[in-house]
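The opening position of the sequence shown corresponds to residue 7 in my numbering, with each subsequent residue numbered one higher. A virtual CB, placed ideally from N, CA and C, is assigned to each residue, including glycine.
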Amino acid sequence: MRILNSVFYALLIAVYSAGGSVEAGLRLHGQATLRGEVLASACSIALNDRYQSVAMGELPLRDLRTGKGQVERDVVIRLDNCLTSGQALVNRETDPAIRVRFEGLRSDRPGLFRTLGEATGVALRLTDERREAVNPGEYLPAVYQKAYNQQVLKYRIALVPDGSALSGGNYSAALRFNIHYE
Numbered sequence: 007m008r009i010l011n012s013v014f015y016a017l018l019i020a021v022y023s024a025g026g027s028v029e030a031g032l033r034l035h036g037q038a039t040l041r042g043e044v045l046a047s048a049c050s051i052a053l054n055d056r057y058q059s060v061a062m063g064e065l066p067l068r069d070l071r072t073g074k075g076q077v078e079r080d081v082v083i084r085l086d087n088c089l090t091s092g093q094a095l096v097n098r099e100t101d102p103a104i105r106v107r108f109e110g111l112r113s114d115r116p117g118l119f120r121t122l123g124e125a126t127g128v129a130l131r132l133t134d135e136r137r138e139a140v141n142p143g144e145y146l147p148a149v150y151q152k153a154y155n156q157q158v159l160k161y162r163i164a165l166v167p168d169g170s171a172l173s174g175g176n177y178s179a180a181l182r183f184n185i186h187y188e
């Protein structure tokens, strides 16, 4: 952003200098010098496998109805080769701003991802490390644990009732994530 501001002001000064002196019959010859630095390079995404498959396991319908049992699994995304400040806490001046968006089929209930398959009445709820809901299609600032040259994004995915009639069977869902790196 600083580089863009510097370029804009340099061009503005150059145009003003050239245009303003033409009327007076004088031609000013100026020089603009721009300096900047790249504060961070893009990270690479490191997954356990290409599809980051998460097996949710089995859960009896009665446990799902009563809320006594809940299937939750971790989803971990590692960002490797990140240039960071090296500090334990996030440094807004030198650490990259990362936003994450998860996309998938939206459930009829807000904030849930719809499943496909024989099972009905179930959906998936995704939460970040602070236990805040991740809504389908919305960017959220990433909450990450920072280590040297690596950042870890942690999420929890849970099977929950979606409010419609429950019936057993197999189900699946595909969630895509998008990482916006500033």
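Distance CB(residue i)-CB(residue j) smaller than 8 angstroms
i      : j      : result
ALA179 : LEU132 : no
GLU138 : ASN184 : no
LEU65  : LEU172 : no
ALA61  : ILE104 : no
LEU159 : VAL106 : yes
ASN87  : SER50  : yes
GLY135 : GLY175 : The sequence given here places Glu at residue 135; Gly does not occur at that position. Result no, Cβ atoms of GLU135 and GLY175 do not sit closer than 8 angstroms.
LEU85  : GLN157 : yes
VAL77  : TYR161 : no
Reference residue i; option with closest CA among the options
i      : options                        : result
TYR145 : ARG41, GLY117, LEU122          : GLY117
VAL166 : PRO142, THR121, LYS160, LEU181 : THR121
GLY63  : GLY123, THR126, TYR177, ARG41  : TYR177
GLY169 : GLU135, GLY127, ASN141         : GLY127
PHE119 : GLY73, ARG68, ALA164           : ALA164
ARG79  : GLN58, GLY73, LEU67            : GLN58
ARG56  : HIS186, ARG182, TYR187         : ARG182
In DSSP terms, what residue i is bridged to
i      : result
THR80  : A small correction: the amino acid at residue 80 is Asp; Thr does not occupy that position in the sequence shown. Answer is ARG162.
VAL128 : PRO167
THR121 : None; THR121 has no bridge partner.
ASP134 : TYR161
TYR177 : GLY123
PRO147 : ARG105
Proximity test, Cβ basis, 8 angstroms: residue i and chain D
i     : result
ALA38 : Looking for chain D here will not work: only one protein chain is present.
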